[in-house]
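Only one structure is covered here, and it is reproduced in the block below.
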Amino acid sequence: MHVPERTCVGCGKKQAKHLLRRLVLNEKNQPRLDRTQDAPGRGAYLCGPGCLAAAVKRKALQRAFKKNVALDVINLEAVLQ
Ligand SMILES: [Zn+2]
C-alpha cells in the first residue's frame with residue numbers, strides 16, 4: 007500500500023505523513039498544530055519539538071508557508087510535545 011510521505015522542514019528527512027506533525031497557519035499567521043492533518047491551506051511538517059529549533063534557524067517555516075509567520079516558539083514547542 008502506498009504511504010504518503012512528507013519532508014520535515016526541520017531536519018529534511020522524509021517520513022510517512024501520519025508520523026509527522028502538520029502545522030498550518032491560523033488567521034493571525036501563527037503556526038498551529040493541525041491535529042487531524044486535514045485543515046485547508048498550506049502545511050509544514052515536523053518530526054517533533056526537536057526539529058522546531060532547526061526549522062526556525064533555517065527560516066523553513068517562512069519558506070514552507072511562503073510568508074512571514076508570527077512565530078511563538080515557546081508555545082509551539084509546547085503543543086508539539
Ligand atoms: Zn525532523
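Under the working numbering, the first residue of the sequence shown is numbered 7, with each subsequent residue one higher. From the three backbone atoms N, C-alpha and C, an ideal C-beta is built for every residue, glycine too.
Which of helix, strand or coil DSSP assigns to residue i
| i | result |
| --- | --- |
| Pro46 | coil |
| Leu25 | helix |
| Val75 | coil |
Residue closest to residue i, alpha-carbon to alpha-carbon, out of the options
| i | options | result |
| --- | --- | --- |
| Cys53 | Met7, Cys14, Ala22 and Val9 | Cys14 |
| Gly49 | Gln87, Leu29 and Ala84 | Leu29 |
| Thr42 | Cys57, Glu33 and Leu26 | Leu26 |
| Ala84 | Pro46, Pro55, Gly16 and His8 | Pro55 |
| His24 | Gly16, Asp44, Ala70 and Phe71 | Asp44 |
| Arg90 | Pro10, Val9 and Gly16 | Only positions 7 to 87 of the chain appear in this structure, which leaves residue 90 out of reach. |
Local Cβ density within 10 Å of residue i, reported as buried at 16 or more and exposed below that
| i | result |
| --- | --- |
| Gly18 | exposed |
CB-CB length for residue i against residue j, believed under 8 angstroms
| i | j | result |
| --- | --- | --- |
| Gln36 | Val79 | Contact flag wrong, Cβ pair sits at about 11 angstroms. |
Beta bridge counterpart(s) of residue i as assigned by DSSP
| i | result |
| --- | --- |
| Lys20 | Thr13 |
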